[in-house]
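Asks: Chains as they are written, first to last, in our numbering: chain W, 1 to 182; chain S, 1001 to 1147. Right, I'll just put the structure down here and ask away after.
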Amino acid sequence: METSDSELLALLRESRDNHHRVFQLLVKKYHQKIYWHIRQIVIDHEDANDVTQNAFIKAWENLSGFRGESSLYTWLYRIATNEALGFLKRKNKRHLFSIDHHEQLLAGQIEHDPLFDGDEIQRRLQQAMLSLPTKQRLVFQMKYMQEMKYEDISHILNTSVGALKASYYHAVKKIEQFLEKY
Amino acid sequence: MNNKNNTRRKLTDIPKENPFRVPEGYFDKLQDKIDKAVAIRQVTPDEKRGFFSLLRPQLALAAGFAGLVLLGYFAVKLILKPEPETSQNDLAEYIEFHMDDFDESQIIDALGEQDPGIPELDYTDDEIIYYLVTEDIDEITIMEELQ
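This is the structure we're talking about:
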């Protein structure tokens, strides 16, 4: 049976001795969701694998400092998102090109990805998403694909709900234009 | 509005299914990988291996040494405590407070010990003559003072 976030938080507050147990339960509950969230950002499986592990290591390192000001779920997603964005930045620096150019390369990579099972229209949707600026792409992925609440996305990306709604609206328009073009 | 609805309809025509997949049995291993990654780094919330914690023994030694040096410094300072310096104001206040305890002879003796000598006068002859005339000091008075 899956442990709820409130139960995990209660365990966390009960004693420092519970921290390792809470972390294991957190990994058990969220490792797949966090992996998929990261995979949608970095696209490549091997990269997603590394970033996911790093994100959970960061979570472990910071677990004792978690004050419960946000939910465990948004706290974990925030760590994962920052880790994935940081990874993309570092990767772009190594290759001396802009993050947007890198996303164009990722779009090309989907064409030959053996771990991509989607049909042609899904491939085009992925490429359309990768044509968006990174933050806008994130908003679209979290709202449309992962069906997250604006309030949760707001906590994760540290952006106001109003700004997220505007970003999502523009993302939808751009994706539609992309899909019409190709 | 219609345009917006069309946009949504077109987008929703595309299934939201996740088009990516992972290698067979990947998620079964991921949890173990995370556990191992945490264990290898030996990172626990209480034992973060930061720069400070790595230097903790050396810092404790340095702090102990600094404490000993400070202790020695204050001990020496206490033993070789110099006479407190007294300001002119403090001295004046002290004398005023104890004025009744002094008699004239003590003050004369104290001044005598200092042996100030004869002060050098920085007056010209004309200034001295002017002073004697204006103060109406005659020869007899001068002779009396010099005796």
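Using N, Cα and C, we set each Cβ at its ideal position, and we do this for glycine too. Computed from a predicted model, the values in this text were never measured in an experiment.
Between which two residues does the alpha helix (DSSP H) containing M129 of chain W stretch?
Replies: Segment E120 to L130, the alpha helix (DSSP H) holding M129 of chain W.
Asks: Using 8 Å as the Cβ pair cut-off and three pairs as the minimum, do the segment 109 to 118 of chain W and the segment 65 to 73 of chain W touch?
Replies: These segments do not touch.
Asks: Hey, how far is the Cα of Y168 of chain W from the Cα of Q136 of chain W?
Replies: Going by the C-alpha atoms only, they are around 7 Å apart.
Asks: Please decide whether M145 of chain W counts as near chain S, where near means a Cβ-Cβ distance under 8 Å.
Replies: Cβ-Cβ to chain S under 8 Å: yes for M145 of chain W.
Asks: On the CB-based measure, 16 or more other CB atoms within 10 Å of its CB, does N49 of chain W come out buried or exposed?
Replies: Result: buried.
Asks: Distance check for D1090 of chain S and D1122 of chain S, CA to CA, integer angstroms please.
Replies: Spanning the two alpha carbons is a distance of roughly 31 Å.
Asks: Just mark G118 of chain W as buried or exposed, buried being the case when its beta carbon has 16 or more other beta carbons within 10 Å.
Replies: That one is buried.
Asks: Which value, in whole angstroms, describes the spacing of the CA atoms of Y35 of chain W and A1062 of chain S?
Replies: Those two C-alpha atoms are separated by around 46 Å.
Asks: Check this for me: beta carbons of A1037 of chain S and Q53 of chain W, under 8 Å apart or not?
Replies: Cβ atoms of A1037 of chain S and Q53 of chain W: closer than 8 Å.
Asks: If we cut at 8 Å on Cβ distances, does L1011 of chain S have a partner in chain W?
Replies: It does; some Cβ of chain W falls within 8 Å.
Asks: Name the chain W residues whose beta carbon is nearer than 7 Å to that of A1037 of chain S?
Replies: Correct list: Q53 and I57.
Asks: Strictly below 7 Å CB to CB, what residues from chain W border N1089 of chain S?
Replies: Ordered by position in chain W, no residue passes the 7 Å Cβ test against N1089 of chain S, which lies about 58 Å from the chain.
Asks: Can you check whether the C-beta of N126 of chain W is within less than 8 Å of a C-beta belonging to chain S?
Replies: Sequence inspection shows Gln at residue 126 of chain W; the Asn mentioned does not correspond to that position. Yes, because at least one Cβ of chain S sits closer than 8 Å to the Cβ of Q126 of chain W.
Asks: Leaving out the 5 sequence neighbours to the left and right, which residues in its chain are closer than 8 Å to E83 of chain W when beta-carbon positions are compared?
Replies: Same-chain partners within the cutoff: I38, V51, N54, A55 and K58.
Asks: Relative to the C-alpha of F23 of chain W, which candidate in W:L76, W:K33, W:I43 and W:D44 has its C-alpha closest?
Replies: Measuring from the Cα of F23 of chain W, the nearest candidate turns out to be W:L76.
Asks: Do we get a CB-CB distance below 8 Å when we pair I153 of chain W with the residues of chain S?
Replies: Closer than 8 Å: no.
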